[in-house]
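Visitor: Residue numbering for the sequence shown follows my numbering, beginning at 134 and increasing consecutively.
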Amino acid sequence: MNDSVEARELLYEGKAKKLFATSDPDLLLQYFKDDATAFNAKKRGTIAEKGVINNAVSEVFFRLLEREGVPTHFVRRLDDRRMLVKRLEIVPVEVVVRNVIAGSLAKRLGLDEGKPLPEPIVEFFYKSDPLDDPMINAWHVLVLGMATKPELDRMVALTLRTNAVLRPFLAARDIVLVDMKLEFGRHHGEILLGDEICPDTCRFWDSSSGEKMDKDRFRRDLGRVEEAYQEIARRVGA
Ligand code: UDP
Numbered sequence: 134m135n136d137s138v139e140a141r142e143l144l145y146e147g148k149a150k151k152l153f154a155t156s157d158p159d160l161l162l163q164y165f166k167d168d169a170t171a172f173n174a175k176k177r178g179t180i181a182e183k184g185v186i187n188n189a190v191s192e193v194f195f196r197l198l199e200r201e202g203v204p205t206h207f208v209r210r211l212d213d214r215r216m217l218v219k220r221l222e223i224v225p226v227e228v229v230v231r232n233v234i235a236g237s238l239a240k241r242l243g244l245d246e247g248k249p250l251p252e253p254i255v256e257f258f259y260k261s262d263p264l265d266d267p268m269i270n271a272w273h274v275l276v277l278g279m280a281t282k283p284e285l286d287r288m289v290a291l292t293l294r295t296n297a298v299l300r301p302f303l304a305a306r307d308i309v310l311v312d313m314k315l316e317f318g319r320h321h322g323e324i325l326l327g328d329e330i331c332p333d334t335c336r337f338w339d340s341s342s343g344e345k346m347d348k349d350r351f352r353r354d355l356g357r358v359e360e361a362y363q364e365i366a367r368r369v370g371a
């Protein structure tokens, strides 16, 4: 069945990916673009070969997570830029888990970037481009009906498990997992980890130099963006 999968109509085009229907109603094709945006698309550009790297890096992480008991939408990588995934009904909540203070946490609370947290912090953001992904809490998720209590509990448990699996895997490759954004969806009643896990959606810092090896190089005009993405791919064996 999977071997004869063919792309059908474009269902959705986002900032970094396109989603196509396939001949199987349960499966979609996720196509990774080189387009990069930041600050809610106020800054736009391209990162050469980013799509190829994010596809390959996401495959490494999804395979590892599946082995470690985190169910994901990953089925298999088809080629350089395309991944076959299970169709999800996306929960409109971005789940961020943090191990080190950075980004919006540093800004919002006036904290110094780079301080390790004694335990991971989990945050929720409402997925909405027009609203700039506002931060929300568990009450908003439940009372406004974005997910049920069992679904939310499962998403948090899978987020912490994902963090606990990826952190040591990356640490062994001299990469600090500072924070990452995860998305989940429903597939035949089960919550699965979806989207992608890559330098666009995580903060990766080199363990010894502290150098940023992720999309912050693009966001903050630090240069050597492509090299950083390639180095992450090399270190994780993508
Ligand atoms: N992130 C993401 N998509 C978003 C917002 C954040 O993938 O729309 C990731 C980001 O790359 C980082 C983590 O989520 O790894 C935490 O981001 P933060 O809240 O600090 O926001 P930022 O300052 O990056 O906008």
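A virtual CB, placed ideally from N, CA and C, is assigned to each residue, including glycine.
Are the CB atoms of R214 and V233 nearer to each other than 8 Å?
Guide: No; because the gap between Cβ atoms is not below 8 Å, this pair is not in contact.
Visitor: Three or more beta-carbon pairs under 8 Å between the segment 289-303 and the segment 148-161, yes or no?
Guide: The answer is no - the segment 148-161 does not touch the segment 289-303, with fewer than three Cβ pairs under 8 Å.
Visitor: Three or more beta-carbon pairs under 8 Å between the segment 300-316 and the segment 202-209, yes or no?
Guide: Output reads no: the segment 202-209 does not touch the segment 300-316.
Visitor: Do the segment 313-333 and the segment 218-225 touch if we need at least three Cβ pairs shorter than 8 Å?
Guide: As far as the Cβ criterion goes, the segment 313-333 touches the segment 218-225, which means the pair count is three or higher.
Visitor: Whole beta strand (DSSP E) runs in the segment 167-220 with 3 or more residues, listed along the chain?
Guide: Counting only runs of 3 or more, we get 168-171, 176-179, 207-212, 215-219.
Visitor: Considering only their Cβ atoms, is the gap separating F351 from A171 smaller than 8 Å?
Guide: The answer is yes: Cβ separation under 8 Å.
Visitor: Would you list the residues sitting across from C335 in a DSSP beta bridge?
Guide: Answer is M313.
Visitor: So I330 and M346 are in contact, right, with Cβ under 8 Å, and what is the actual spacing, rounded?
Guide: About 14 Å; that fails the 8 Å criterion.
Visitor: Consider the C-beta atom of R336 and the heavy atoms of ligand 1; say whether any pair is separated by less than 7 Å.
Guide: The answer is yes for R336.
Visitor: Could you give the C-beta distance for L217 and V208, rounded to a whole number, given that I count them as a contact under 8 Å?
Guide: That pair is a contact at about 4 Å.
Visitor: What does the alpha-carbon distance come out to for the pair M134 and D159?
Guide: Confidence in M134 is poor, its pLDDT being 47 and thus under 50, which makes the residue's placement unreliable; the coordinate value appears in the next sentence. So the two alpha carbons sit approximately 12 Å from each other.
Visitor: Please find out if some non-hydrogen atom of ligand 1 comes closer than 7 Å to the beta-carbon of L242.
Guide: Checking the Cβ of L242 against ligand 1 gives no.
Visitor: Considering only heavy atoms of ligand 1, does any lie closer than 7 Å to the CB of K248?
Guide: It does not: the Cβ of K248 is nowhere closer than 7 Å to a heavy atom of ligand 1.
Visitor: Return the chain-ordered list of same chain residues with a C-beta closer than 8 Å to the C-beta of L325, the five sequence neighbours on each side being excluded.
Guide: Answer for L325: P204, T205, H206, K219, L221, F317, G318, R319, listed in chain order.
Visitor: Going by the C-beta, is D354 closer than 7 Å to any heavy atom of ligand 1?
Guide: Flag unset: Cβ of D354 not near ligand 1.
Visitor: Report the CB separation of P332 from A297 in whole angstroms; it is logged as a contact under 8 Å.
Guide: At roughly 20 Å, the Cβ-Cβ gap does not stay under 8 Å, so P332 and A297 are not in contact.
Visitor: Do L285 and V276 have their CB atoms nearer than 8 Å?
Guide: No, Cβ-Cβ distance for L285 and V276 is not below 8 Å.
Visitor: Do L162 and A140 have their C-beta atoms within less than 8 Å of each other?
Guide: For L162 and A140, yes; Cβs fall inside 8 Å.
Visitor: Please work out which residues of its chain come closer than 7 Å, Cβ to Cβ, to Q363, disregarding the five sequence neighbours upstream and downstream, and give them in chain order.
Guide: So the list reads I186, once near-sequence residues are dropped.
Visitor: I223 bridges to which residues according to DSSP?
Guide: According to DSSP, which records beta bridges pairwise, I223 is partnered with G318.
Visitor: Should E192 go down as buried or exposed, given a rule of 16 or more other Cβ atoms within 10 Å for buried?
Guide: Answer is buried; the Cβ neighbour count reaches 16.
Visitor: Distance check for H321 and D349, CA to CA, integer angstroms please.
Guide: When rounded, the distance between both Cα atoms is 36 Å.
Visitor: Could you check what DSSP says for A290 in three-state terms: helix, strand or coil?
Guide: A290 falls in the helix class under three-state DSSP.
Visitor: When the Cα atoms are used, what is the spatial distance from I414 to L238?
Guide: Outside the shown range of the chain (134 to 371) lies residue 414, about which nothing can therefore be said.
Visitor: Based on the DSSP secondary-structure assignment, which residues constitute the bridge partners of F374?
Guide: Within the shown structure, residues of the chain are numbered from 134 to 371, placing residue 374 beyond reach of any answer.
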